[in-house]
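Working notes for the structure below.
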Amino acid sequence: MTECRNLEERRSKMKNEMEILFDAVSCNESFARVAVAAFVTHLNPTLEELADIKTAVSEAVTNAIIHGYENYHGYSGRGESQPAWCEVHPGKVRLHCLLKEDMLHIEISDKGKGIDNINLAMEPLYTTKPELNRSGMGFAFMEAFMDELAVESTPGVGTTVRMCKKMNAGAWIKDED
Amino acid sequence: MEEFQVIDNCLMIKLPEEVDHHRADYICRNADRLLIRDDVMHVVFDFEETKFMDSSGIGIIMGRYRKISCFGGRVYAIHADERIQKILKLSGLTQVLEVLYD
């Protein structure tokens, strides 16, 4: 009985937080999703949970880079390089994660151009950039793979995407003991 | 360039381990060049090595489908694991994309 209460207590006191700020270039998309995946590994998440989180983070970060700052091309070899005539927007993307109890809160924000009509932007298949081979499924994927999604945006000021997902924290406590 | 192969009238595209916006540009540009140069009818996306894909992958497939569908061309997916299949289904792409099982 006391053991039970201790577990409950430990669970309710669990809190872990991290924040990274990175340049809005496409090579940081994989960096961001891997960073979040690494941040939650100690919870022993299932492969599916990990894949869900990685996809959602990737969508939000990609949105910030190509829509917020309009940095369409990335760096590095293999053809995906920045054309010389393209100027790179120096903007930054902020990624904030908070693990509290068994909820993972992710906040991804940029100081880019913002979204005029959030409801329209969240419509599946709606995209302002079909010429870039965008599918318009970004927000739909975030909604499908996370438990909660909230978008806040002011044109000319920036956009913040908040997402939550319940993690299987029970398994973590069992493993620790 | 070994990721892109034209066999008969099919373009086979071996997708990378991670399909995201960062890699999408490279895939689209090379695929489109071959679509025009080699008079390709159908496109086959090979997911054998792919462990991660986001909506950028959907955009790649949709874009190629638009280019070949007006000439009666089709798009196929092979070696897609459960995760990839889930994403393909969720996007509604399976209405036009034929997923072939081993």
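First to last, the protein sequences are chains A and B.
The opening residue of the first sequence carries number 6 in the numbering used here; numbering runs sequentially from there.
The opening residue of the second sequence carries number 139 in the numbering used here; numbering runs sequentially from there.
C-beta: ideal position from N, C-alpha, C; glycine also.
Since the model is a prediction, treat every value here as computed from it, not as a measurement.
- prompt: For glycine 175 of chain A, which three-state DSSP category applies?
  reply: Position 170 of the first sequence, counted from the first residue, corresponds to residue 175 of chain A. For glycine 175 of chain A, the pLDDT reaches just 49, beneath the cut-off of 50, and the residue's location in the model is therefore unreliable, leaving the point undetermined.
field: 9 Å Cβ cutoff met for leucine 52 of chain A and valine 45 of chain A
entry: Mapped onto the first sequence, residue 52 of chain A falls at position 47. Mapped onto the first sequence, residue 45 of chain A falls at position 40. Not in contact: leucine 52 of chain A and valine 45 of chain A (Cβ atoms no closer than 9 Å).
message: Going by DSSP in three states, glycine 163 of chain A sits in which element: helix, strand or coil?
response: One-based indexing of the first sequence puts residue 163 of chain A at position 158. The answer is strand: DSSP assigns glycine 163 of chain A an E or B state.
message: Short of 6 Å in beta carbon distance, which residues of its chain neighbour aspartate 121 of chain A, apart from the five on each side in sequence? Order them along the chain.
response: Position 116 of the first sequence, counting from 1, holds the residue named residue 121 of chain A. For aspartate 121 of chain A, where only same-chain residues beyond five positions count, the Cβ hits under 6 Å are Pro160.
- prompt: When you compare only the Cα positions, how much space is there between serine 140 of chain A and histidine 217 of chain B?
  reply: In the first sequence, residue 140 of chain A corresponds to position 135, counting from 1. In the second sequence, residue 217 of chain B corresponds to position 79, counting from 1. Those two C-alpha atoms are separated by around 22 Å.
- prompt: Where do the N-terminal and C-terminal ends of the beta strand (DSSP E) with glutamate 155 of chain B fall, by residue?
  reply: Along the second sequence, read from residue 1 onward, the residue named residue 155 of chain B stands at position 17. No beta strand (DSSP E) contains glutamate 155 of chain B, which DSSP labels as neither H nor E.
query: Do we get a CB-CB distance below 9 Å when we pair glycine 141 of chain A with the residues of chain B?
result: Within the first sequence, the letter at position 136 stands for residue 141 of chain A. Glycine 141 of chain A counts as touching chain B.
query: Got a sec? Which residues, its chain only, sit under 8 Å from aspartate 177 of chain B by beta carbon, not counting five neighbours each side?
result: What you label residue 177 of chain B is simply residue 39 of the second sequence in a count that begins at 1. Only Asn147 meet the Cβ criterion.
message: Would glycine 143 of chain A and glycine 73 of chain A qualify as a contact pair, given that the criterion is a beta-carbon distance under 9 Å?
response: Working through the first sequence from its first residue, we reach residue 143 of chain A at position 138. Working through the first sequence from its first residue, we reach residue 73 of chain A at position 68. Their beta carbons are not under 9 Å apart, which means glycine 143 of chain A does not touch glycine 73 of chain A by this criterion.
- prompt: Which value, in whole angstroms, describes the spacing of the CA atoms of valine 237 of chain B and arginine 171 of chain B?
  reply: For the purposes of this step, residue 237 of chain B is taken as residue 99 along the second sequence, with counting starting at 1. For the purposes of this step, residue 171 of chain B is taken as residue 33 along the second sequence, with counting starting at 1. Using only the alpha carbons, I get a separation of about 24 Å.
query: Who are the Cβ neighbours of threonine 60 of chain A in its own chain at under 7 Å, not counting the five residues just before and after it?
result: In the first sequence, residue 60 of chain A corresponds to position 55, counting from 1. Closer than 7 Å at the Cβ level, and outside the excluded window around threonine 60 of chain A, lie Phe146, Phe150.
task: Could you work out which residue in A:Glu75, A:Leu109, A:Lys18, A:Val93 is closest to alanine 42 of chain A when comparing CA atoms only?
output: What you label residue 42 of chain A is simply residue 37 of the first sequence in a count that begins at 1. Comparing Cα positions, the closest option is A:Leu109.
- request: Measure the alpha-carbon distance for lysine 205 of chain B versus asparagine 138 of chain A and round it to whole angstroms.
  value: Taking the second sequence and counting its residues from 1, the one referred to as residue 205 of chain B is at position 67. Taking the first sequence and counting its residues from 1, the one referred to as residue 138 of chain A is at position 133. Lysine 205 of chain B and asparagine 138 of chain A: Cα-Cα distance of roughly 12 Å.
message: Strictly under 9 Å for the Cβ-Cβ distance: is glycine 210 of chain B near chain A by that measure?
response: Locating residue 210 of chain B in the second sequence gives position 72, counting from the first residue. Not one chain A Cβ lies under 9 Å of glycine 210 of chain B.
- prompt: Of all the options A:Thr133, A:Tyr131, A:Arg38, which has the alpha carbon lying nearest to the alpha carbon of arginine 99 of chain A?
  reply: Counting from one through the first sequence, the residue named residue 99 of chain A turns up at place 94. For the residues A:Thr133, A:Tyr131, A:Arg38, the minimum Cα distance to arginine 99 of chain A belongs to A:Arg38.
- request: Output yes if chain A places a C-beta closer than 9 Å to the C-beta of phenylalanine 190 of chain B; else output no.
  value: Residue mapping note: residue 190 of chain B aligns to position 52 of the second sequence, counting from 1. Chain A, which has a Cβ nearer than 9 Å to the Cβ of phenylalanine 190 of chain B, makes this yes.
- request: In the DSSP assignment, find the unbroken beta strand (DSSP E) run with phenylalanine 183 of chain B in it and report its ends.
  value: The sequence position of residue 183 of chain B within the second sequence is 45, counting from 1. Residues 180 to 184.
- prompt: Closer than 9 Å, CB to CB, is leucine 137 of chain A near chain B or not?
  reply: Mapped onto the first sequence, residue 137 of chain A falls at position 132. By this cut-off, leucine 137 of chain A is an interface position.
- request: Find the nearest neighbour of isoleucine 150 of chain B within the set B:Leu173, B:Tyr164, B:His160, B:Tyr239, judged by alpha-carbon distance.
  value: Sequence index remark: in the second sequence, residue 150 of chain B carries index 12 (1-based). According to the sequence provided, residue 150 of chain B is methionine. The question's isoleucine does not apply to it. Of the listed residues, the one whose Cα sits closest to methionine 150 of chain B is B:Leu173.
- request: Using a Cβ cut-off of 7 Å, pull out every chain C residue sitting near alanine 162 of chain B, in sequence order please.
  value: Absent here is chain C; the protein component of the structure consists of chains A and B.
- prompt: For the alpha helix (DSSP H) that methionine 200 of chain B lies in, which residues bound it at each end?
  reply: Taking the first residue of the second sequence as position 1, residue 200 of chain B is located at position 62. Looking at the DSSP string, the run of the alpha helix (DSSP H) that includes methionine 200 of chain B is 193 to 207.
field: Cβ-Cβ distance between lysine 171 of chain A and aspartate 107 of chain A below 9 Å
entry: Reading the first sequence from its first residue, position 166 is the one you call residue 171 of chain A. Reading the first sequence from its first residue, position 102 is the one you call residue 107 of chain A. Taking 9 Å as the Cβ cut-off, lysine 171 of chain A and aspartate 107 of chain A qualify as a contacting pair.
field: Contact set between the segment 207 to 240 of chain B and chain A, restricted to residues whose Cβ is under 7 Å from the partner
entry: Arg221, Leu228, Ser229
message: For valine 162 of chain A and threonine 67 of chain A, I'd like the C-alpha separation in whole angstroms.
response: In the first sequence, counting from the first residue as 1, residue 162 of chain A sits at position 157. In the first sequence, counting from the first residue as 1, residue 67 of chain A sits at position 62. When rounded, the distance between both Cα atoms is 18 Å.
query: In whole angstroms, what separates the C-alpha of glycine 210 of chain B from that of leucine 26 of chain A?
result: For the purposes of this step, residue 210 of chain B is taken as residue 72 along the second sequence, with counting starting at 1. For the purposes of this step, residue 26 of chain A is taken as residue 21 along the first sequence, with counting starting at 1. The alpha-carbon atoms of glycine 210 of chain B and leucine 26 of chain A are separated by roughly 47 Å.
task: Starting from the C-beta of leucine 130 of chain A, find all residues in its chain whose C-beta is less than 6 Å away, skip the five residues before and the five after it, and write them out in chain order.
output: The residue given as residue 130 of chain A occupies position 125 in the first sequence. Result list for leucine 130 of chain A: Gly141, in chain order.
message: Looking at the secondary structure, which residues open and close the beta strand (DSSP E) in which tyrosine 214 of chain B lies?
response: Position 76 of the second sequence, counting from 1, holds the residue named residue 214 of chain B. That run of the beta strand (DSSP E) goes 213 to 216.
query: At least one CB of chain B closer than 9 Å to the CB of proline 50 of chain A: is that the case?
result: Here residue 50 of chain A refers to the residue found at position 45 when the first sequence is read from its first residue. No - not a single Cβ of chain B is within 9 Å of the one on proline 50 of chain A.
Where phenylalanine 146 of chain A meets chain B, residues with beta-carbon distance less than 9 Å: Along the first sequence, one-based indexing puts residue 146 of chain A at 141. Simply Asp192, Ser193, Ile196, Ile225, Leu228, Ser229.
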